[in-house]
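First the structure, in the form of structure tokens, and then the observations on it.
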Amino acid sequence: MPGGMMGGDMMKMMQEMMGRHAGMMRGMMADGAGMQDGMMGKMMAPEHVEGRIAFLRTELKVTDAQQPLWEAVAAALRENARGSTGMMQQEQDAQGLPNSLERREKLLSARLDAVRQLRAAVEPFYASLDEVQKAAADNLLMPMGMM
Numbered sequence: 071m072p073g074g075m076m077g078g079d080m081m082k083m084m085q086e087m088m089g090r091h092a093g094m095m096r097g098m099m100a101d102g103a104g105m106q107d108g109m110m111g112k113m114m115a116p117e118h119v120e121g122r123i124a125f126l127r128t129e130l131k132v133t134d135a136q137q138p139l140w141e142a143v144a145a146a147l148r149e150n151a152r153g154s155t156g157m158m159q160q161e162q163d164a165q166g167l168p169n170s171l172e173r174r175e176k177l178l179s180a181r182l183d184a185v186r187q188l189r190a191a192v193e194p195f196y197a198s199l200d201e202v203q204k205a206a207a208d209n210l211l212m213p214m215g216m217m
């Protein structure tokens with residue numbers, strides 16, 4: 071590869087790989103409104119939320135002093151997981167464009183409320199973290215949407 075640049079064959083191979091995996095990546099990423107879609111949604115589904123909470127607590131190395139603040143975050147995560155189940159079913163059951171848009175509006179409103187609730191719990195918890203914990207939180211909690 072002259073000058074450190076990719077040759078045509080290598081570039082073509084990279085483009086093909088990106089194309090093949092684009093659908094998988096879309097499934098893993100949430101669009102904010104349809105958080106329960108894809109892999110992130112499955113991780114935060116009510117049947118998986120306790121495992122996700124335990125994983126996060128361990129990875130963040132929550133101390134005894136931080137535990138009360140963490141409990142508020144965990145409660146918000148549980149509530150968000152519970153609240154999202156019925157909304158997603160309503161979205162799937164919507165008949166016709168006007169009903170679909172109305173349900174989508176309700177879903178977005180509910181998601182906004184959930185994000186606000188989570189933010190209220192996360193802010194004091196995050197403030198209690200040391201720099202290593204904050205870096206871990208930034209990596210683990212950011213897309214959650216998080217949660």
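With this note's numbering as the guide, the letters of the sequence shown map in order to residues 71 to 217. Note that beta-carbon positions come from the ideal geometry of N, C-alpha and C, so glycine has one too. Note that this is a predicted model, so its numbers are computed, not measured.
query, result
"Check whether F195 and V119 have beta carbons under 8 Å apart", "no"
"Own chain, CB closer than 8 Å to K204, minus 5 neighbours either side, in chain order", "Y196"
"Assigned exposure category for Q136 - 16 Cβ within 10 Å defines buried", "buried"
"Coarse secondary structure for D208, derived from DSSP in three states", "helix"
"Run of the alpha helix (DSSP H) containing D183, from where it starts to where it stops", "L167 to A197"
"Identity of the residue in R148, N209, K131 and T128 nearest A191 by Cα", "R148"
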